[in-house]
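K.L.:
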Amino acid sequence: DDIVVSLYFTLLFYLAKEGLPEVVLQEDVAKNNEKHISEESFGSGLQSSISLSSIGQTFSIASFICFFGAELTKKIFPGVSSLPLISALTVFAATLFPNVFERNRTTGTAIGILFMQMFLTCSGAAGSIALVVKNAPSVFLFSLLQVGFHFVILMVVGRLIFGEDRNELLLASNANVGGPTTAAAMAQAKNWPRLVMPALLIGILGYSTGTAIALGIAQILRRYHLV
364 DDIVVSLYFT LLFYLAKEGL PEVVLQEDVA KNNEKHISEE SFGSGLQSSI SLSSIGQTFS
424 IASFICFFGA ELTKKIFPGV SSLPLISALT VFAATLFPNV FERNRTTGTA IGILFMQMFL
484 TCSGAAGSIA LVVKNAPSVF LFSLLQVGFH FVILMVVGRL IFGEDRNELL LASNANVGGP
544 TTAAAMAQAK NWPRLVMPAL LIGILGYSTG TAIALGIAQI LRRYHLV
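Just so we're on the same page, the numbering used here is the position in the sequence shown counted from 1, plus 363.
What follows is the structure, given as structure tokens:
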């Protein structure tokens with residue numbers, strides 16, 4: 364799965380063009396600039412630089428949310444991955460305490476990008492196409508068909524029928540296949556600053572809903588010995 368996804372991400376990066384998406388008009392750019400200025404004014408009194416204190420706060424908040432989510436999952440949903448609940452708790456905490464997360468936004472972004480790069484590097488280094496094809500050809504083919512059908516349907520429906528921007532569709536595909544980390548990394552790399560937050564939110568939405576549904580279905584299938 365990691366190998367197929369890594370190859371798919373390479374394709375997405377190749378097809379995507381840098382700069383603003385095609386459908387962004389001049390008036391939209393002006394509105395985005397005004398919003399950016401107002402956000403800077405709002406956050407002018409908040410911490411925006413990386414410091415030892417902000418690094419400590421960022422790691423402390425992240426560690427607490429991960430620990431609390433993991434322990435809560437053990438109590439409520441034993442045997443199920445804690446990832447969906449941790450994602451939901453993160454969104455809930457950011458909604459309740461926006462100023463706390465705003466103060467650590469710059470530090471969190473820098474640390475997040477660093478760990479995203481490490482994640483992508485380890486994901487690619489752990490795979491071997493020849494080994495997978497030799498030992499598990501059916502799994503490789505299944506993953507390849509999944510991603511292939513996803514891409515074709517996305518482009519046919521999104522691009523040809525609804526006329527959506529290609530770059531935004533490619534980023535949405537990244538968020539669906541990879542999640543918020545890879546989608547945000549793609550938006551940053553392609554110089555789409557206004558799409559970083561939507562990419563993160565869509566990816567997190569997928570984690571908090573799609574992952575939970577999939578894990579629930581897996582438990583049902585195992586309980587009735589269907590797999």
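Beta carbons: idealized from backbone N, C-alpha and C, even for Gly. Computed from a prediction, not measured in an experiment: that's the story for all the values here.
Quick one: residues in its chain with C-beta nearer than 7 Å to the C-beta of Gly541, no 5 flanking neighbours on either side, listed in chain order?
P.N.:
Position 178 of the sequence shown, counted from the start, is the residue given in the question as residue 541. Correct list, in chain order: Val368, Phe372.
K.L.:
The alpha helix (DSSP H) that contains His597, what's its start and end?
P.N.:
Examination of residue 597 is not possible in this model, given that the chain is present from 364 through 590 alone.
K.L.:
Buried or exposed: where does Ile449 fall if 16 or more other Cβ atoms within 10 Å of its Cβ makes it buried?
P.N.:
Translated into positions along the sequence shown, residue 449 becomes position 86. Around the beta-carbon of Ile449, 16 or more other beta-carbon atoms lie within 10 Å, marking it buried.
K.L.:
Span of the alpha helix (DSSP H) holding Phe440?
P.N.:
Here residue 440 is taken as the residue at index 77 of the sequence shown, counted from 1. Where Phe440 is concerned, there is no enclosing alpha helix (DSSP H), given that its DSSP letter is neither H nor E.
K.L.:
Could you say which of Ala456, Phe440, Lys437, Phe464 lies nearest to Thr421 if we only look at CA atoms?
P.N.:
Numbered from 1 along the sequence shown, position 58 holds the residue referred to as residue 421. Here the closest residue by C-alpha is Phe464.
K.L.:
Give the list of continuous alpha helix (DSSP H) stretches no shorter than 4 residues that lie fully inside the segment 531 to 576.
P.N.:
543 to 552, 559 to 568
K.L.:
Just checking my contact of Ala547 with Leu563 at CB under 8 Å: how many whole Å lie between their CB atoms?
P.N.:
Residue 547 sits at position 184 when you count from the first residue of the sequence shown. Residue 563 sits at position 200 when you count from the first residue of the sequence shown. Sure, about 5 Å apart at Cβ, within 8 Å.
K.L.:
How big is the Cα-Cα spacing for Leu534 and Ala488?
P.N.:
Indexing the sequence shown from 1 puts residue 534 at position 171. Indexing the sequence shown from 1 puts residue 488 at position 125. Taking the straight line from one Cα to the other gives about 23 Å.
K.L.:
Let's see if you can read the secondary structure: which residues bound the alpha helix (DSSP H) around Leu523?
P.N.:
On the sequence shown, position 160 is the one that residue 523 refers to. That residue, Leu523, is in no alpha helix (DSSP H); it is neither H nor E in DSSP.
K.L.:
How far does the alpha helix (DSSP H) with Ile516 in it reach, from first residue to last?
P.N.:
Counted from its first residue, the sequence shown places residue 516 at position 153. Residues 500 to 517.
K.L.:
Between Thr574 and Leu446, how many whole angstroms is the CB-CB distance? I'm expecting something under 8 Å.
P.N.:
One-based indexing of the sequence shown puts residue 574 at position 211. One-based indexing of the sequence shown puts residue 446 at position 83. About 6 Å separates the two Cβ atoms, so the contact holds.
K.L.:
State buried or exposed for Arg585, treating a residue as buried only when at least 16 other CB atoms are found within 10 Å of its CB.
P.N.:
Your numbering for residue 585 matches position 222 in the sequence shown. It is exposed - the Cβ of Arg585 has fewer than 16 other Cβ atoms within 10 Å.
K.L.:
Take Lys398 and list the residues in its own chain whose beta-carbon comes closer than 7 Å to its own, dropping the five residues that flank it on each side.
P.N.:
Here residue 398 refers to the residue found at position 35 when the sequence shown is read from its first residue. Only weak support is given to the placement of Lys398: the predicted model assigns it a pLDDT of 48, under 50, and the value that follows is read from those uncertain coordinates. Taken in chain order, the list of residues that qualify is empty.
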